[in-house]
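Position 228, counted from 1, in the sequence shown is what this note's numbering calls 254; the numbers after and before it change by one each time, with no gaps.
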Amino acid sequence: MRKALITGCTGQDGSYLTEFLLDRGYEVHGLKRRSSSLNTDRLDHIYQDIHESGARFFLHYADLTDGSSLATLLYDLRPDEIYNLGAQSHVKVSFEIPEFTADVVAIGTLRLLEATRRTGVKCRFYQASSSEMFGSAPPPQSETTPFHPRSPYACAKVFGHNITVNYRESYGLHASSGILFNHESPRRGETFVTRKITRAVAHIKHGLQQKLYLGNLDARRDWGYAPDYVRAMWLMLQQDTPDDFAIGTGEAHTVREFVELAFTHADLDWRDYVEVDARYFRPAEVDYLCADASKARRVLGWEPTVTFQELVRIMVGEDMKNVEARLKGGTEALQLAVTAEGRHS
Ligand code: NAP
Ligand code: GDD
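So this is what it looks like as structure tokens:
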């Protein structure tokens with residue numbers, strides 16, 4: 027049985043990757059960091075009681091800011107594949123906590139690579155690189171496009187990417203970087219723009235929210251469906267030769283187009299509800315990301331399966347269902363939750 031270790035297991039991609047690998051017969055070990063309340067919502071449906079025989083999914087406390095916890099985990103588990111997905115992944119937040127972001131995203135990657143090397147574990151390594159690294163480089167962007175990062179997060183990801191390449195070249199580690207363009211799902215964090223929009227649509231439709239405040243509506247992103255992208259991560263580690271791959275749909279849309287479509291799904295006119303609030307602008311913006319994923323198509327045989335229109339429909343549909351289910355628990359509790367979340371969007 028192959029064994030995988032996933033950092034960022036509790037996040038959007040980590041949860042889909044865990045399901046994907048369990049379906050393929052892997053034993054999956056996820057890294058979770060200590061928090062004062064439970065943060066495993068995305069994994070609860072696949073939780074396995076470790077006391078039951080046949081359990082193949084385990085969570086361990088560790089942190090990308092704590093090198094010794096990483097080395098101990100690697101030494102004890104000796105995984106065949108490592109997926110480094112852990113990150114402070116919010117671009118806007120990275121301007122507010124740049125030092126922490128760099129520590130987790132850049133140095134955290136180095137800590138994990140170094141722990142892999144020092145423990146001598148024979149494994150394959152996946153690095154979650156990002157299209158955000160391209161920054162202001164014009165589209166379409168591919169593996170050969172020069173990086174021009176525009177945020178502390180993107181600068182840290184460039185370091186993570188380069189140090190992964192360096193460990194491959196210096197120590198012969200089977201390390202691959204996936205340069206993934208934006209990918210979304212009903213499990214997307216609530217403060218990324220797509221999920222912020224689809225949740226607001228559901229709340230507005232049910233009379234629980236009056237307005238949606240957004241930042242730059244003109245930014246263009248290449249938005250795909252997260253489960254398609256975790257398949258690409260796995261495919262990269264199944265290749266004989268490690269390499270870097272850009273992964274995206276090749277189609278870009280503005281934030282405004284996403285908004286319009288999401289509100290249309292709920293028979294609402296977005297212009298009645300959306301207002302621009304400068305607090306959501308970034309000190310430096312990434313205007314236009316659109317993938318040239320031809321190498322991934324050619325070498326990995328990877329193709330996206332969900333279109334932009336389907337993605338928006340799936341996300342609005344799930345948020346509608348969530349609100350309806352929570353409404354059954356009482357409008358008052360739901361209203362309180364909406365208010366508290368609004369402060370952090
Ligand atoms: P996400 O939902 O924000 O998940 C991030 C994960 O990292 C969470 O499990 C989080 O734990 C964990 N984490 C944060 N700080 C950590 C630390 N100090 N030590 C260990 N783990 C830590 O992100 P995602 O959308 O799934 O993205 C997965 C990875 O791909 C990230 O590296 C992201 O930067 C990168 N990426 C994402 C996209 C995208 O469009 N989604 C595109 C390109 C690259 P908690 O649950 O405890 O917060
Ligand atoms: N979050 C957010 N909130 N973004 C907004 C808002 C808002 O209210 N209004 C407009 N936007 C714009 C942002 O300025 C950005 O141009 C775009 O919507 C997308 O923002 P996010 O959804 O926060 O994603 P991102 O593109 O900055 O970063 C995501 O994709 C990267 C890959 O390109 C994250 O998942 C990163 O971790 C990932 O690396």
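Don't be surprised by glycine CBs; every beta carbon is placed ideally from N, CA and C.
These are the residues, in chain order, with a beta carbon less than 5 Å from any non-hydrogen atom of the ligand GDD: S115, V117, S156, S157, E158, N208, F218, V219, L240, G241, N242, A245, V281, Y306. A351 and I340 have their C-alpha atoms some 17 Å from each other. Of the candidates F84, C181, T280, S63, F84 places its Cα closest to the Cα of P105. With fewer than three CB-CB distances shorter than 8 Å, the stretch 277-285 does not count as touching the stretch 178-194.
Proximity of the beta carbon of R104 to the ligand NAP is not indicated: no heavy atom of the ligand is located closer than 8 Å. Between V302 and L238, the alpha-carbon positions lie close to 8 Å from each other. When secondary structure is reduced to three states using DSSP, T190 falls in the helix class.
By the criterion of at least three beta-carbon pairs nearer than 8 Å, the stretch 258-265 is in contact with the stretch 322-332. If you look at K148, you'll find it isn't in any alpha helix (DSSP H); DSSP assigns it neither H nor E. For A113, the distance from the CB to the nearest heavy atom of the ligand NAP is below 8 Å. Under the DSSP definition of a beta bridge, Q153 partners with N110, S203.
Taking a contact as a CB-CB distance under 8 Å, the pair A30 and L96 does not count as one, their CB atoms being some 15 Å apart.
Taken atom to atom, the span from the alpha-carbon of F121 to that of E78 is near 44 Å.
When rounded, the separation of the alpha-carbon atoms in I205 and Y87 is 27 Å. Under the three-state reduction of DSSP, R247 is assigned to strand.
For D270, the three-state secondary structure derived from DSSP is strand. In this structure, F173 sits away from T135, with a CB-CB distance that is not shorter than 9 Å.
Sequence-distant Cβ neighbours of A81 in its own chain, meaning closer than 8 Å and more than five residues away, are Q74, D75. Approximately 6 Å separates the beta-carbon atoms of T36 and R68; this is inside 8 Å, confirming the contact. Per DSSP, the beta-bridge partners of F83 are V54. The C-alpha of A245 lies about 42 Å from the C-alpha of K148. For K29, the enclosing beta strand (DSSP E) covers residues 29-33. Proximity to Q153 across D318, H55, F271, V349 peaks at F271, based on C-alpha coordinates. In this structure, the CA atom of G274 is about 7 Å from the CA atom of G250. Distances taken from the Cβ of G34 to the heavy atoms of the ligand NAP include one shorter than 8 Å.
Excluding five sequence positions before and after G93, the CB atoms of its chain that fall closer than 6 Å to its own CB belong to R137, given in chain order.
According to DSSP, E283 shares a beta bridge with no other residue. By the neighbour-count definition (other C-beta atoms within 10 Å, threshold 16), R28 is an exposed residue. Annotation for T91 indicates a beta carbon within 8 Å of some heavy atom of the ligand NAP.
With respect to the C-alpha of A201, the residue from L139, G161, G241 having the closest C-alpha is L139.
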